[in-house]
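As structure tokens, the structure follows; a few thoughts come after it.
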Amino acid sequence: MVGPAGERLVGREYASGELAGILNRQAEILRMNDGGVTFSGGEPLMQAAFVLDVMNRLDNIHVLLDTSGYADEDDFRMVVEKSDLVHFDLKLADPRAHARYTGKDNALILGNLRVLSEMGKPFIARIPLVPGITDTAENLTAIAGTIKGSKGLLRAELLPYNRAAGGKYRACGMEFRPNYDENRDVNANTGVFRKAGIEVKVC
Amino acid sequence: MKVGLENLKERARTGDFKKFRTEMSDDITKEPAFDAMPMVRKAARCMKLACEAQKPLIYPDERIVFTRTVGNLIGCASVGNICAAWDMALSQGLLGRKQVALQTLERMRDDPKAVDFLESCIETIDAVLEMTARYAEEARRQENEDLATVLDHVPANPPRTFHEALQSFKIMHSALWLSGTCHVTLGRFDQYMWPYLKADLDAGLLTEAEAEELLAEFFISFNKDTDLYPGVQQGDNGQSLMLGGVTREGRDAVNPLTSMVLRVSYDVNMIDPKINLRVNKDTDLELLREAARLTKRGLGFPQYANDDVEIEALAAHGYDIEDARDYTVAACWEFIIPGHGMDIPAISACSFPAAADKAIREGFAADESFDRIMDRARDNVKAQVELAVEKAEQRLEPAPSPFYSVLMYNCVETGRDISDGGVKYYNYGIHGSGSSNAADALAAVRKFVFEDKTIGREELLDALDKNFDGYDDLFRKLHDEGPKVGNNDDYVDSILARLFDYFADACEAAGNNNQGGIIRAGTGSAMYYVWLVRRGRDKQTEPVVDATADGRRRGDFIGSSLAPSPGVRVSGPVSVLQSFSKIDYNRVCNGGPITLELSDTVFRDEESVEKVAMLIKTFARIGCQQLQINTLNVERLRDAKKHPEQHGNLIVRVWGWSGYFVELDEPYQDHIISRHMLTL
Numbered sequence: 000m001v002g003p004a005g006e007r008l009v010g011r012e013y014a015s016g017e018l019a020g021i022l023n024r025q026a027e028i029l030r031m032n033d034g035g036v037t038f039s040g041g042e043p044l045m046q047a048a049f050v051l052d053v054m055n056r057l058d059n060i061h062v063l064l065d066t067s068g069y070a071d072e073d074d075f076r077m078v079v080e081k082s083d084l085v086h087f088d089l090k091l092a093d094p095r096a097h098a099r100y101t102g103k104d105n106a107l108i109l110g111n112l113r114v115l116s117e118m119g120k121p122f123i124a125r126i127p128l129v130p131g132i133t134d135t136a137e138n139l140t141a142i143a144g145t146i147k148g149s150k151g152l153l154r155a156e157l158l159p160y161n162r163a164a165g166g167k168y169r170a171c172g173m174e175f176r177p178n179y180d181e182n183r184d185v186n187a188n189t190g191v192f193r194k195a196g197i198e199v200k201v202c
Numbered sequence: 000m001k002v003g004l005e006n007l008k009e010r011a012r013t014g015d016f017k018k019f020r021t022e023m024s025d026d027i028t029k030e031p032a033f034d035a036m037p038m039v040r041k042a043a044r045c046m047k048l049a050c051e052a053q054k055p056l057i058y059p060d061e062r063i064v065f066t067r068t069v070g071n072l073i074g075c076a077s078v079g080n081i082c083a084a085w086d087m088a089l090s091q092g093l094l095g096r097k098q099v100a101l102q103t104l105e106r107m108r109d110d111p112k113a114v115d116f117l118e119s120c121i122e123t124i125d126a127v128l129e130m131t132a133r134y135a136e137e138a139r140r141q142e143n144e145d146l147a148t149v150l151d152h153v154p155a156n157p158p159r160t161f162h163e164a165l166q167s168f169k170i171m172h173s174a175l176w177l178s179g180t181c182h183v184t185l186g187r188f189d190q191y192m193w194p195y196l197k198a199d200l201d202a203g204l205l206t207e208a209e210a211e212e213l214l215a216e217f218f219i220s221f222n223k224d225t226d227l228y229p230g231v232q233q234g235d236n237g238q239s240l241m242l243g244g245v246t247r248e249g250r251d252a253v254n255p256l257t258s259m260v261l262r263v264s265y266d267v268n269m270i271d272p273k274i275n276l277r278v279n280k281d282t283d284l285e286l287l288r289e290a291a292r293l294t295k296r297g298l299g300f301p302q303y304a305n306d307d308v309e310i311e312a313l314a315a316h317g318y319d320i321e322d323a324r325d326y327t328v329a330a331c332w333e334f335i336i337p338g339h340g341m342d343i344p345a346i347s348a349c350s351f352p353a354a355a356d357k358a359i360r361e362g363f364a365a366d367e368s369f370d371r372i373m374d375r376a377r378d379n380v381k382a383q384v385e386l387a388v389e390k391a392e393q394r395l396e397p398a399p400s401p402f403y404s405v406l407m408y409n410c411v412e413t414g415r416d417i418s419d420g421g422v423k424y425y426n427y428g429i430h431g432s433g434s435s436n437a438a439d440a441l442a443a444v445r446k447f448v449f450e451d452k453t454i455g456r457e458e459l460l461d462a463l464d465k466n467f468d469g470y471d472d473l474f475r476k477l478h479d480e481g482p483k484v485g486n487n488d489d490y491v492d493s494i495l496a497r498l499f500d501y502f503a504d505a506c507e508a509a510g511n512n513n514q515g516g517i518i519r520a521g522t523g524s525a526m527y528y529v530w531l532v533r534r535g536r537d538k539q540t541e542p543v544v545d546a547t548a549d550g551r552r553r554g555d556f557i558g559s560s561l562a563p564s565p566g567v568r569v570s571g572p573v574s575v576l577q578s579f580s581k582i583d584y585n586r587v588c589n590g591g592p593i594t595l596e597l598s599d600t601v602f603r604d605e606e607s608v609e610k611v612a613m614l615i616k617t618f619a620r621i622g623c624q625q626l627q628i629n630t631l632n633v634e635r636l637r638d639a640k641k642h643p644e645q646h647g648n649l650i651v652r653v654w655g656w657s658g659y660f661v662e663l664d665e666p667y668q669d670h671i672i673s674r675h676m677l678t679l
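Laid out in structure tokens, this is it:
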């Protein structure tokens, strides 16, 4: 996390070997507990080469990649190849809505979703529920339709709205002006997924 | 839970029976005839008077009876914080013990001391039986023939049913409290009670559900009368119960009663009895899941002990291997032997922060190297141990305790009171408190003063003297950036391990106490997590520290037993376990758990029980000794401080026991609120 003057607020720099060393110290315990290591963020694929290097140095540890899918396709392929499980975020199916609310087109994301399916890597589709924006029946139905039949799909997970975003904006010296009502209850519409034959869980 | 049990619970909490309490007059203790009696006879007489003053109190809905009506006790105290030979007490019954006493008396007629002792034993047995007879009479008067039949039979005779076994236990346990003791532990309950339950189940006399109801009533009954039991805080009454483990021959001891107790404790949801579970690296995962479900309840139960580590450690400290395998816990967590032990496992605490602080200040003043400072710390630990043992030997006059002796092995058989060498083990134990804070302080000094040279000696000394006033940056650097125990960081963990080596060395060097026992080093803190930073008692010999080099201001708490220093950054529960796995427990056997507080949000998903079960397995597999997993919700605790009347039933783990948060004094409440909250 970076502040208004570009100063680092949170975080430490590690060399890949150093980080792998730290993670490997817990390798045995992680295995004992059917656990592993998760690469998350932010967006881990913004440091794809680094992440790949660390993964290559891990001592037989289960690896989970938690990504928005917004990354160069080659990077995506290489890192997914080395992962055991992927958490793939899906926010908005409609490209216009996606561009409006995230600032980016979702073609790259959908493309990587197809790559993920081709590769057959086990994955979980994670859908953050932003009240009135992503939790609409229309959006969820569209997402269900997109992931239905994907090889490797384990289930969909609906993530209730997390208010931490506002705090992060403020910590970075930015103003948080959401164009939705943070206090509104989300619609955790599991029915849409069940109808599509997709296992679904609300987190 | 059934309505009947809810009513019993309600009554235990509200204490309707307190209106029946009377005070005993202590006139008799002033009579010259009484005064002239030997101590052991006085003890028996006082107990007899207490039993006689007890009015039989039976509520119509009770199936397991005994309620204290005697508010105070007069006369002599008794030994406490040990574990009776409950299996023998039940299987022989008090008449059986009386027979043995009479036989020994016959043999030892010419030994006046033995005669005093044995006649005292018989007096106490008769007193308990007479009191029970009046209870039976009262049951008859209420036309409760079933209960009267039970009371006619036990505790005089061996129980014929599970119900009789529970009732027998209840009376003997309550009688011990009447004898003036404190911290009456329940020992290996699933071991000695299972045969009675099994017989009933096999004979079809009881269903599992009926057994659970009886057990629930039995457990609820331990929550009455506790306001009369002495302890440091309300709830500190030593009614600890041990489950699982191995038999004296080393075979798996888990039986169906083991998991039944876990389930019933969950249902009853009260602070007594305090559940402990022995585990090893191969303990069945399903049992660990049952235990994790109880952990989820938030009572701080069970407290876990690792057989793989502790049995060997006890044997290494001179306990017979069968006895080592038979271990249970004392009031908090200290490892003791049922029936054979008169260990006093909490004579004092060694303050590691004081040892480190003194070493740092004096080492700086003399411009010494870090190694010399560590040597000083070692010497300070040794001095504290020597003082603790010296004070204990002056202070601890074991009181003759004829009734407890009746319920221990060997005493009645050989005509010797437990306080007079009647049992096998007379060891002392010392808590080892504030170890993380001390290790953090020494590591900070090594790193910042000696290696990086970013903090000067003068500067640090001045900051400590001024309680960091005017030294905010220095405080923050020490508190936030210093190496901290709880992160699996060898730099500071090695210092932690060395401190315990010094402690073990000092206890070994202290030799034998005046009863021929050894001194056992421990890892616990008990109330010393407050007393070592804010003086607990006027005459306290354990030193109090002010500001310390780990980034701690005067009065700030140290951790509870083995825990990272309060308020510092830790990587997570696994790292905490790993840090504490580096202590050489073979040399530090007294006990004192790793204390993990999990945020109650951990338990919101179904996977949490599995994760906690695996965490317990990890704890055992990496060689730790003892573990407590508590759950906390800080918001609720803060609200309970502000509105105690709304949180009357909020239970928290204080140290080796759980209590009602609103009944604790403020420093203990604040300590709990200040603890780390971890997630899985």
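Chains as they are written, first to last, in numbering that gives the first Met the number 0: chain A, 0 to 202; chain B, 0 to 679.
From the three backbone atoms N, C-alpha and C, an ideal C-beta is built for every residue, glycine too.
Determine whether the Cβ of MET613 of chain B lies closer than 7 Å to any Cβ atom of chain A.
In the second sequence, counting from the first residue as 1, residue 613 of chain B sits at position 614. Cβ-Cβ to chain A under 7 Å: yes for MET613 of chain B.
I'd like to know if ILE28 of chain A contacts chain D, where contact means its C-beta is closer than 7 Å to some C-beta of that chain.
Judged by its chain identifiers, the structure shown contains no chain D, and its protein chains are A and B.
Please classify GLU216 of chain B: is it buried, with 16 or more other beta-carbons within 10 angstroms of its beta-carbon, or exposed?
Counting from one through the second sequence, the residue named residue 216 of chain B turns up at place 217. Buried: at least 16 other Cβ atoms inside 10 Å.
Can you say whether PHE19 of chain B is buried or exposed, counting buried as having 16 or more other CB atoms within 10 angstroms of its CB?
Residue 19 of chain B sits at position 20 when you count from the first residue of the second sequence. Classification for PHE19 of chain B: exposed.
Determine which residues of the region 469 to 491 of chain B have a Cβ less than 7 Å from any Cβ of chain A, and write them out in chain order.
Cβ contacts with chain A come from ASN487.
Here's a check: name, in chain order, each residue in its chain whose Cβ is nearer than 6 Å to the Cβ of ILE671 of chain B, leaving out the five neighbours to either side.
Translated into the one-based positions of the second sequence, residue 671 of chain B becomes position 672. Within the same chain, and ignoring the five residues on either side of ILE671 of chain B in sequence, the residues whose Cβ sits closer than 6 Å to its Cβ are VAL651.
How big is the Cα-Cα spacing for ALA505 of chain B and VAL587 of chain B?
One-based indexing of the second sequence puts residue 505 of chain B at position 506. One-based indexing of the second sequence puts residue 587 of chain B at position 588. Taking the straight line from one Cα to the other gives about 11 Å.
Verify the CB distance criterion: does ASN59 of chain A have a CB-CB separation below 7 Å to chain B?
Translated into positions along the first sequence, residue 59 of chain A becomes position 60. No, ASN59 of chain A does not count as interfacial toward chain B.
Min CB distance VAL732 of chain B to chain A below 7 Å:
Here chain B has residues from 0 to 679 only, and residue 732 of chain B is not among them.
In angstroms, rounded to a whole number, what distance separates the CA positions of VAL532 of chain B and PHE351 of chain B?
Numbered from its first residue, the second sequence carries residue 532 of chain B at position 533. Numbered from its first residue, the second sequence carries residue 351 of chain B at position 352. Rounded to whole angstroms, VAL532 of chain B to PHE351 of chain B spans 12 Å at the Cα level.
Would you kindly report the start and end of the unbroken alpha helix (DSSP H) that includes GLY658 of chain B?
Here the question's residue 658 of chain B lines up with position 659 in the second sequence. From DSSP, GLY658 of chain B is part of no alpha helix (DSSP H) but of the beta strand (DSSP E) over 657 to 659.
Return the residue from the list B:GLU9, B:PRO344, B:GLY421 that minimises the CA-CA distance to ALA387 of chain B.
Here residue 387 of chain B corresponds to residue number 388 of the second sequence, with the count starting at 1. ALA387 of chain B has its Cα closest to that of B:PRO344, out of B:GLU9, B:PRO344, B:GLY421.
By DSSP, does ILE454 of chain B sit in helix, in strand, or in coil?
The count along the second sequence starts at 1 and reaches residue 454 of chain B at position 455. Of the three classes helix, strand and coil, the one that applies to ILE454 of chain B here is coil, per DSSP.
Under a CB-based cut-off of 7 Å, is THR617 of chain B close to chain A?
If you number the second sequence from 1, residue 617 of chain B lands on position 618. So, interface residue.
Beta strand (DSSP E) segment containing GLU142 of chain B, residue limits:
For the purposes of this step, residue 142 of chain B is identified with residue 143 of the second sequence, where counting begins at 1. Per DSSP, GLU142 of chain B is not a residue of any beta strand (DSSP E), being assigned neither H nor E.
Here's the rule I'm using: 16 or more other beta-carbon atoms within 10 Å means buried, otherwise exposed. How should MET173 of chain A be labelled?
The residue labelled residue 173 of chain A in the question sits at position 174 within the first sequence. Exposed: under 16 other Cβ atoms inside 10 Å.
Return the CA-CA distance between PRO94 of chain A and ILE146 of chain A, expressed in angstroms with no decimal places.
Taking the first residue of the first sequence as 1, we reach residue 94 of chain A at position 95. Taking the first residue of the first sequence as 1, we reach residue 146 of chain A at position 147. Going from the Cα of PRO94 of chain A to the Cα of ILE146 of chain A covers about 16 Å.
In chain B, what lies closer than 7 Å to ASN32 of chain A by C-beta?
As a first step, residue 32 of chain A is located in the first sequence; it is residue number 33 there, counting from the start. In chain order: MET613, THR617.
Terminal residues of the beta strand (DSSP E) in which ASP468 of chain B lies:
If you number the second sequence from 1, residue 468 of chain B lands on position 469. Here ASP468 of chain B belongs to no beta strand (DSSP E), and DSSP marks it neither H nor E.
To which residues of the same chain is LYS150 of chain A closer than 7 Å at the C-beta, ignoring the five residues directly before and after it?
Taking the first sequence and counting its residues from 1, one reaches residue 150 of chain A at position 151. Around LYS150 of chain A: SER116, GLY119.
Do you know how far the Cα of TYR69 of chain A is from the Cα of CYS202 of chain A?
Translated into the one-based positions of the first sequence, residue 202 of chain A becomes position 203. Translated into the one-based positions of the first sequence, residue 69 of chain A becomes position 70. Using only the alpha carbons, I get a separation of about 23 Å.
Assuming SER239 of chain B and VAL328 of chain B form a contact by the criterion Cβ under 8 Å, report the distance between their Cβ atoms to the nearest whole angstrom.
In the second sequence, residue 239 of chain B corresponds to position 240, counting from 1. In the second sequence, residue 328 of chain B corresponds to position 329, counting from 1. 5 Å between Cβ atoms; contact.
Can you give me, in chain order, the residues of the region 92 to 114 of chain A that have a beta carbon less than 9 Å from any beta carbon in chain B?
Going along the region 92 to 114 of chain A in chain order, one finds no residue with a Cβ nearer than 9 Å to chain B.
So, at 6 Å on beta carbons, what are the nonlocal neighbours of VAL608 of chain B in its own chain, with the 5 sequence-adjacent residues on each side left out?
Within the second sequence, numbered from 1, the residue matching residue 608 of chain B stands at position 609. Excluding positions up to five away in sequence, the list reads ARG288, ALA291, ARG292.
Closest by CA to GLU30 of chain B, which one among B:CYS120, B:CYS45, B:GLY658, B:THR21?
Numbered from 1 along the second sequence, position 31 holds the residue referred to as residue 30 of chain B. With distances taken between Cα atoms, GLU30 of chain B lies closest to B:CYS45.
Kindly indicate the opening and closing residues of the beta strand (DSSP E) around TYR427 of chain B.
Here residue 427 of chain B corresponds to residue number 428 of the second sequence, with the count starting at 1. Note, TYR427 of chain B: beta strand (DSSP E), 427 to 432.
From the DSSP secondary-structure annotation, give me the bridge partner or partners of LEU595 of chain B.
Numbered from 1 along the second sequence, position 596 holds the residue referred to as residue 595 of chain B. Looking at the DSSP assignment, LEU595 of chain B forms a beta bridge with B:ILE628.
Since LYS1 of chain B sits in a beta bridge, which residues does DSSP pair it with?
On the second sequence, residue 1 of chain B is found 2 positions in, with the first residue counted as 1. Residue pairing by DSSP places LYS1 of chain B in no beta bridge whatsoever.
With a CB to CB cut of under 6 Å and the five nearest residues on each side skipped, what residues in its chain are close to PHE38 of chain A?
Working through the first sequence from its first residue, we reach residue 38 of chain A at position 39. Answer for PHE38 of chain A: VAL50, LEU64, listed in chain order.
Could you tell me which chain A residues have their CB closer than 8 Å to the CB of ILE593 of chain B, listed as they occur along the chain?
For this step, residue 593 of chain B is matched to residue 594 along the second sequence. Within 8 Å Cβ-Cβ: nothing; ILE593 of chain B doesn't reach chain A, min ~15 Å.
Taking DSSP as the reference, what is the three-state secondary structure of PHE474 of chain B?
Here residue 474 of chain B refers to the residue found at position 475 when the second sequence is read from its first residue. Here PHE474 of chain B sits in helix by DSSP.
By the three-class DSSP mapping on this structure, what secondary structure does PHE38 of chain A have?
Locating residue 38 of chain A in the first sequence gives position 39, where the first residue counts as 1. Note: PHE38 of chain A maps to strand in three-state DSSP.
Nearest to MET259 of chain B by alpha carbon, out of B:LEU214, B:SER574, B:ALA376?
Numbered from 1 along the second sequence, position 260 holds the residue referred to as residue 259 of chain B. If we check each option's Cα against that of MET259 of chain B, B:LEU214 comes out closest.
Can GLY230 of chain B and ASN236 of chain B be called in contact, C-beta distance under 7 Å?
For the purposes of this step, residue 230 of chain B is identified with residue 231 of the second sequence, where counting begins at 1. For the purposes of this step, residue 236 of chain B is identified with residue 237 of the second sequence, where counting begins at 1. Taking a C-beta distance under 7 Å as the contact criterion, GLY230 of chain B and ASN236 of chain B qualify as a contact pair.
Closer than 8 Å is the cut-off here; do at least three beta carbon pairs connect the region 490 to 506 of chain B with the region 395 to 403 of chain B?
Contact between the region 490 to 506 of chain B and the region 395 to 403 of chain B is absent, because fewer than three Cβ pairs lie under 8 Å.
What is the DSSP secondary structure of CYS349 of chain B, reduced to helix, strand or coil?
Numbered from 1 along the second sequence, position 350 holds the residue referred to as residue 349 of chain B. If DSSP states are grouped into helix, strand and coil, CYS349 of chain B belongs with the strands.
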